[in-house]
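The working numbering puts the first residue of the sequence shown at 162, with every later residue one more than the last.
Ideal placement from N, C-alpha and C gives every residue a C-beta, glycine not left out.
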Amino acid sequence: MKTILASESMDIPDGVTIKVKAKVIEVEGPRGKLTRNFKHLNLDFELVTDESTGKKKLKIEAWFGTRKTRAAIRTALSHVSNLIIGVTKGYRYKMRFVYAHFPINASIPSSSNAIEIRNFLGVKKVRKVQMLEGVTISRSEKVKDEMVLDGNDIELVSRSAALINQKCHVKNKDIRKFLDGIYVSERSTITTGDEGTRIDRLVQYREIVEILLLIWVCVIKDFVRFVELQLGFVKLELFSW
């Protein structure tokens, strides 16, 4: 069944400007400019003004749309939201080296747009991965064997991380046993506000509490086992009498 008109809108935050021209969305913010083409979708994009607040909004409409067309409205809004986050906060992916015996060595040129991976599973072959446009890679200053990928476009950053991961696939071996590789360990934004810092602290406190509870449970289990052994010795002594 087709719906005559389905529409949704989203607020445009301060410091961000959005331009719409022939279904091409251009988002500009403090970190730069991003563009995305939505010509493949049967949707109408329009900038409107909220009467109550006076702020600009992005409105997406679908006339006589099917179920899939109506679902595409929310998808398009999610893509625009990712563009807004990219030009305001940026995206950061962290990757960790995982190895059991042969340490993985990596070198990054001064331009920070590529990475060379050596000694993967002891192989002499040098694996080179070029970062996609607008993505930079660097070593983590705090954590050993960690790489940091930064960029404004979430798709380019995630695809660059995928290219690195795909270059280090184990072949002709049991992947359940040989877990060597470079894997994504964390996804976040480059600039985090007070709210993000508070959430990070809450997560850290929660992890500490979980570890303490786990230690406490282990201590209780050991104590119960010790008591059971002592009671067992007492029973044996009684039976021997």
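So, are the CB atoms of residue i and residue j less than 8 angstroms apart?
i	j	result
S321	L310	yes
S273	S299	yes
K163	F206	no
N411	G295	Any answer about residue 411 is impossible in this case: the structure gives the chain only from 162 up to 402.
V284	I325	no
K184	K200	yes
P270	N280	no
T249	G190	yes
L208	I186	no
K328	I278	yes
E347	K255	yes
Going by beta carbon distance, what residues of the same chain come within less than 7 angstroms of residue i, once the five residues before and after it are set aside?
i	result
D172	K216, K218
Apart from the five residues just before and just after residue i, which ones in its own chain have a Cβ nearer than 8 angstroms to its Cβ?
i	result
E169	K220, I221, I234, R235, L238
I315	N243, I246, G247, Y252
Using 8 angstroms for Cβ pairs, my map puts residue i next to residue j. What's the rounded Cβ distance?
i	j	result
L244	R197	6 angstroms
A267	M292	That pair is no contact at about 13 angstroms.
D306	R257	6 angstroms
R253	S349	5 angstroms
May I ask whether a heavy atom of the ligand SAH can be found less than 7 angstroms away from the beta carbon of residue i?
i	result
G190	Only the bare structure without any ligand can be found here, which leaves the ligand SAH out of the picture.
So, at 6 angstroms on beta carbons, what are the nonlocal neighbours of residue i in its own chain, with the 5 sequence-adjacent residues on each side left out?
i	result
H330	none
L373	none
Could you spell out the range, first to last residue, of the alpha helix (DSSP H) harbouring residue i?
i	result
A232	228–249
If I follow the unbroken beta strand (DSSP E) through residue i, where does it start and stop?
i	result
I315	Unbroken run through I315 is the alpha helix (DSSP H), 315–328; no beta strand (DSSP E).
N266	266–268
I186	185–190
L195	193–198
R288	288–291
So if DSSP puts residue i in a beta bridge, which residue, or which two residues, is it bridged to?
i	result
Y252	G312, T350
N203	Paired residue(s): none; N203 is not in a bridge.
M171	L219
G283	According to DSSP, G283 bridges with nothing at all.
S299	V309
F258	I343
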